[in-house]
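This report concerns only the one structure given below.
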Amino acid sequence: MTSIRRWLLGWLIFGMAAASMIAAYGIFHTARREASELFDYELRTVALSLPPNLRAASGAAQPEPDFGDLADDRIVIQIWDRGGAPIYQSARAPVFARLPPGFNTVELAEAHWRTFGVAHDERYVQVAQPVSVREDLALHLALHTLWPFAALLPVTIVLALLVVARGLAPIGGLSRALVTRSIDSLEPLRLDGSVPVEIRPLVEALNDLLQRLNSASQAQRTFIADAAHELRSPLAALKLQLQAASRDGSLKGEGQTLERVEQRVNRIIHLVQQLLALAREDAHPATSMAPVSLRRIGEQAVSDFSLLAEMREIDLGLECERARAPSDPYTVLAESHGMSVLLGNLIDNAIRHTPAGGRVDLVLTRDGDQVGFEVVDSGSGIAPAELDRVFDRFYRGEGAKGEGSGLGLAIVARIAGRHQLRLSLRNNAGRTGLSVAASGLRAYDADPAASAAS
133 MTSIRRWLLG WLIFGMAAAS MIAAYGIFHT ARREASELFD YELRTVALSL PPNLRAASGA
193 AQPEPDFGDL ADDRIVIQIW DRGGAPIYQS ARAPVFARLP PGFNTVELAE AHWRTFGVAH
253 DERYVQVAQP VSVREDLALH LALHTLWPFA ALLPVTIVLA LLVVARGLAP IGGLSRALVT
313 RSIDSLEPLR LDGSVPVEIR PLVEALNDLL QRLNSASQAQ RTFIADAAHE LRSPLAALKL
373 QLQAASRDGS LKGEGQTLER VEQRVNRIIH LVQQLLALAR EDAHPATSMA PVSLRRIGEQ
433 AVSDFSLLAE MREIDLGLEC ERARAPSDPY TVLAESHGMS VLLGNLIDNA IRHTPAGGRV
493 DLVLTRDGDQ VGFEVVDSGS GIAPAELDRV FDRFYRGEGA KGEGSGLGLA IVARIAGRHQ
553 LRLSLRNNAG RTGLSVAASG LRAYDADPAA SAAS
């Protein structure tokens with residue numbers, strides 16, 4: 133996989149290293165050449181600064197002149213008089229032939245020497261120095277000029293890392309903004325001053341794509357909602373006409389056949405209602421939270437399904453656990469319509485899968501500043517292998533009975549996701565039935581700011 137970061141860092145570091153090596157090579161050789169010129173100047177200075185009375189006396193060794201630091205450079209001094217007779221020779225030094233004036237390089241005893249000769253009024257002075265000493269000193273001086281490069285290169289590499297990281301930070305921020313978005317968030321990305329000009333076309337293209345996806349998604353949700361709404365009315369009319377024809381005797385047929393037809397129509401009506409509810413949930417991915425009474429919503433849901441429960445001979449009730457007062461409203465921050473649909477689907481699903489003589493309870497609970505609820509029935513429950521799949525759309529277990537459409541729990545999961553609720557399903561321990569619990573609603577009176585505002 134191609135990485136812009138690695139590509140930039142690789143070429144930057146390679147380019148800086150190559151440029152540093154070329155510059156170091158040039159500086160090194162320039163320093164050596166200048167050091168050699170400096171040593172030539174040193175030889176010339178020594179030759180011109182020798183005292184005029186320097187000569188050998190009666191063949192006895194005369195003390196070497198003091199040249200300070202130059203003594204470490206192994207300088208050999210030779211002096212001849214006007215007639216060419218040697219009058220001075222450095223002690224313990226090789227003897228050179230008299231060379232022409234100026235600079236010369238000669239080989240003596242398998243060693244190269246650099247010499248400088250100059251003629252005075254009464255004598256001829258010749259100064260020599262080993263080339264190896266000159267090269268060692270020149271190399272030492274040249275290496276001293278390179279240490280800034282050795283210190284500068286790591287600093288430059290670190291600076292390149294920081295600059296590349298800083299330059300690519302907007303791309304990382306854009307990636308994080310997209311990753312942290314929910315699947316329903318199709319709003320365009322904001323183009324502020326922090327977006328570089330180079331990636332602005334990419335952001336604009338992404339915004340255009342998001343806008344088209346939002347339009348397509350909205351069209352799909354609108355189609356489902358319209359289709360469900362348009363189907364609900366003729367199906368309800370068909371059911372009424374079927375019931376009227378059955379009462380006045382204009383519809384002939386066996387009673388069992390008419391009953392099956394009515395069941396089919398009821399199932400289609402229920403499916404359309406569930407599709408409409410699901411389309412509404414998909415069309416409103418954002419939830420506007422407000423203080424609502426969970427107890428009031430629960431009482432309304434129990435009241436709405438009391439007739440159905442009575443027809444099926446099921447005991448439907450509401451229980452309040454850990455209430456702070458007998459009239460505790462269980463006020464929470466939620467969306468009223470969504471919570472009504474959620475509780476209604478759970479109760480409807482429990483009633484449809486509970487046999488006659490059974491029991492369905494809606495239990496409201498408190499746990500500190502959290503409020504939850506649980507719908508418990510005495511039906512047949514769900515096979516453990518299917519507990520993780522019942523929230524899928526249109527999924528019905530192998531042993532499912534009744535007129536369900538397979539969308540009830542899918543709608544519940546959709547609404548719970550918008551409210552950031554934690555759903556859990558479990559079969560009742562020690563008895564038949566299923567328990568569907570939801571937790572994570574924040575009690576409105578647990579928020580000091582909310583309580584003060586109210």
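Quick note on our numbering: the sequence shown kicks off at 133 and runs consecutively. Ideal Cβ placement from N, Cα and C applies to all residues, glycine included. Just so it is clear, the structure is predicted and the values come from calculations on it, not from any experiment.
(1) Reducing DSSP to helix, strand and coil, say where leucine 448 ends up.
(2) Would you kindly report the start and end of the unbroken alpha helix (DSSP H) that includes glutamate 166?
(3) If you check the beta carbons only, do leucine 450 and valine 503 fall under 8 Å apart?
(4) Which stretch, first to last residue, makes up the alpha helix (DSSP H) that contains asparagine 481?
(5) Cβ atoms of valine 296 and arginine 137: under 8 Å apart, would you say?
(6) Please state whether DSSP places leucine 284 in a helix, a strand or coil.
(7) Taking one C-beta from the region 453–461 and one from the region 417–432 each time, how about it: are there three or more such pairs within less than 8 Å?
(8) From glutamate 518 to aspartate 501, what distance separates their C-alpha atoms?
(9) Just verifying my parser: in three-state terms, what is the DSSP assignment at asparagine 560?
(10) Could you tell me the distance, in whole angstroms, from the CA atom of proline 302 to the CA atom of asparagine 560?
(11) From Val522, Phe437, Gly540 and Glu467, pick the residue whose C-alpha is nearest to that of leucine 494; which is it?
(12) Can the beta-carbon of proline 226 be found less than 8 Å from the beta-carbon of valine 208?
(13) What residues are listed by DSSP as bridge partners for tyrosine 256?
(14) Between the region 253–263 and the region 168–180, can you find at least three pairs of beta-carbon atoms closer than 8 Å?
(15) Rounded to the nearest angstrom, what separates alanine 163 and valine 329 at their Cα positions?
(16) Okay, do the region 153–160 and the region 275–282 touch, 3+ Cβ pairs below 8 Å being the bar?
(17) Looking only at its own chain, which residues have a Cβ that is under 6 Å from the Cβ of arginine 491, when we skip the five neighbours before and after it?
(18) Report the rounded CA-to-CA distance for arginine 308 versus leucine 321, giving the unit in angstroms.
(19) Mind checking which residues open and close the alpha helix (DSSP H) that includes leucine 231?
(20) Please work out which residues of its chain come closer than 6 Å, Cβ to Cβ, to leucine 231, disregarding the five sequence neighbours upstream and downstream, and give them in chain order.
(21) Roughly how many angstroms lie between the CA atoms of glutamate 254 and alanine 283, to the nearest whole one?
(22) Suppose the cutoff is 8 Å on Cβ atoms and the five residues either side in sequence are ignored; what does the same chain contact list for alanine 243 look like?
(23) Closest to alanine 223 by C-alpha separation, out of Leu403, Gln210, Val507 and Ser349, would be which residue?
(24) Apply the 10 Å Cβ neighbour rule to tryptophan 245 and answer buried if 16 or more other Cβ atoms are within range, or exposed otherwise.
(25) Under 8 Å, do arginine 444 and alanine 488 count as touching if we go by C-beta distance?
(26) With a threshold of 16 other CB atoms inside 10 Å of the CB of valine 311, please say whether the residue is buried or exposed.
(27) Just to confirm, is the Cβ distance from glycine 591 to arginine 550 under 8 Å?
(28) Among Met153, Asp213, Ala515 and Arg266, which has the Cα closest to the Cα of tryptophan 279?
(29) Leaving out the 5 sequence neighbours to the left and right, which residues in its chain are closer than 6 Å to serine 571 when beta-carbon positions are compared?
(30) Measure the alpha-carbon distance for leucine 140 versus phenylalanine 146 and round it to whole angstroms.
(31) Near phenylalanine 281, what residues of its chain come up, given a Cβ to Cβ distance below 6 Å and the 5 sequence neighbours on each side ignored?
(32) What's the C-alpha gap between alanine 569 and glycine 142?
(33) Where leucine 374 and alanine 441 are concerned, what is the direct C-alpha to C-alpha distance, given to the nearest angstrom?
(34) Which residue comes first and which comes last in the alpha helix (DSSP H) that contains glutamine 432?
(35) Provide the residue span of the alpha helix (DSSP H) that contains leucine 546, from first to last.
(36) Excluding the 5 residues preceding and the 5 following alanine 466 in the sequence, name in chain order all residues of the same chain whose CB lies nearer than 7 Å to its CB.
Short version:
(1) strand
(2) 136–181
(3) no
(4) 468–484
(5) yes
(6) helix
(7) yes
(8) 33 Å
(9) coil
(10) 52 Å
(11) Phe437
(12) yes
(13) Trp212 and Ala251
(14) yes
(15) 46 Å
(16) yes
(17) Asp447 and Ser510
(18) 12 Å
(19) Neither: leucine 231 is in no alpha helix (DSSP H) and is coded neither H nor E.
(20) Thr247 and Gly249
(21) 54 Å
(22) Pro262, Val263 and Ser264
(23) Gln210
(24) buried
(25) yes
(26) exposed
(27) Residue 591 lies beyond the stretch modelled for the chain, which goes from 133 to 586, so this question has no answer here.
(28) Met153
(29) Gly504 and Arg554
(30) 10 Å
(31) Ser152 and Ala156
(32) 55 Å
(33) 24 Å
(34) 426–436
(35) In the sequence as presented, leucine is not what sits at residue 546; that position holds arginine. Start and end: 540–550.
(36) Met421, Val424, His551 and Leu573
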